[in-house]
Amino acid sequence: MNSTPTAGRPGFLRRAARVIAVPLGALASLSTLAIMVAIVIDVVVRNTGGRSVPGLLEMSETALVATVFLGLAYAGVTNAHVAVDLLTEALPPRVSRILIGIAWVIGVLISAWFVLATFERAVESTESGELRQGLVDWPLWPARWLVVIGLVAFLVVALINVVLLIRGEPLLGEDTTETTDEVDETVQVDQIDESAPLEENRS
C-alpha cells in the first residue's frame, strides 16, 4: 500500500503547513494590492495637488515588508521558491534526495538564527517606540514583528519538509504536482476509452 498522501487525504503535517501558510499568503497578496492602491492614489494626488499624501509612502513600506515576509511560508508550501536543479536533476534520485535534505536542514538552522535575531530587534523596537520620520512619524515596530511572524512560519514549513524527507515522502508542493500529473493521465486514458466505441460504430 502506498503511504504517500494524496490531495484528498493530506497528512497532518501537510494540513498544518497549509493552515499556517495560506492565511499569511492571503495577507501578503492583500499587502501587494494595498501597495498598488497607495501608489495610484499618491501619483494622482501629486499630479493634481502638487504634493504627496502624508503617510502613504510609510504605509507602502510596511506593506512591502508584509508582502515579502508573510509570503515566505506560502512559497515554501507550494514549492514556489526559486531553485536551480541542474545538479540534483543529474544525480541519482537517492543522492539528490540527500542533498535536498541537507539544504533544508541548513535552511532550518539559518531560519532559526534569523528568527532569534529579528525577535530581539523587534522587542527593542517595540520598547523604544521606534519611528520613521517623514511626512508623518510612522511606527516601525509593527513591520519588525511582521518579519518575525513570516520567518517563524517559514521555519515551521522548513521543519515539516525535513520530517517529510526523513519519512521518504514528497516535499510540500511536490505531492500536488504529482497528483495533478496522475489526474491528467487518468483523464487522457478515460477519453481514449470513451472514444473507442464511437470509432467502432463509425466503422
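The opening residue of the sequence shown carries number 388 in the numbering used here; numbering runs sequentially from there. Here a beta-carbon is modelled for each residue, glycine too, at the ideal position from N, C-alpha and C. Keep in mind that this is a model prediction, so the values were computed, not measured.
Buried or exposed (CB count within 10 angstroms, at least 16 for buried), residue i
{"i": "residue 493", "result": "exposed"}
{"i": "residue 394", "result": "A caution first: residue 394 carries a pLDDT of 41, below 50, which makes its placement in the model too unreliable to give a value."}
{"i": "residue 512", "result": "buried"}
{"i": "residue 548", "result": "buried"}
{"i": "residue 577", "result": "Since pLDDT at residue 577 reaches only 48, below the 50 mark, its modelled position is unreliable, and the value read off the structure follows with that caveat. Classification for residue 577: exposed."}
{"i": "residue 435", "result": "exposed"}
{"i": "residue 433", "result": "exposed"}
{"i": "residue 601", "result": "Because the chain spans 388 through 590 in this model, residue 601 falls outside it and cannot be assessed."}
{"i": "residue 498", "result": "buried"}
{"i": "residue 569", "result": "Legend: pLDDT at residue 569 = 41, less than 50; position of this residue unreliable, value from coordinates given subsequently. Result: exposed."}
Residue interval of the alpha helix (DSSP H) (run including residue i)
{"i": "residue 445", "result": "443-457"}
{"i": "residue 558", "result": "Taken as a continuous stretch (DSSP letters only), residue 558 belongs to no alpha helix (DSSP H), as it is neither H nor E."}
{"i": "residue 439", "result": "From DSSP, residue 439 is part of no alpha helix (DSSP H); its letter is neither H nor E."}
Proximity below 8 Å, CB of residue i to CB of residue j
{"i": "residue 425", "j": "residue 446", "result": "yes"}
{"i": "residue 495", "j": "residue 535", "result": "no"}
{"i": "residue 552", "j": "residue 481", "result": "no"}
{"i": "residue 452", "j": "residue 408", "result": "no"}
{"i": "residue 454", "j": "residue 415", "result": "yes"}
Runs of alpha helix (DSSP H) wholly within the stretch 466-539 (minimum 4 residues, chain order): 473-477 and 480-515
Segment contact flag, the stretch 455-464 with the stretch 410-428, C-beta cutoff 8 Å, min 3 pairs: yes
Contact the stretch 533-544 vs the stretch 515-524: 3+ CB pairs below 8 Å: no
The stretch 463-478 touching the stretch 431-446, judged by at least three CB pairs closer than 8 Å: no
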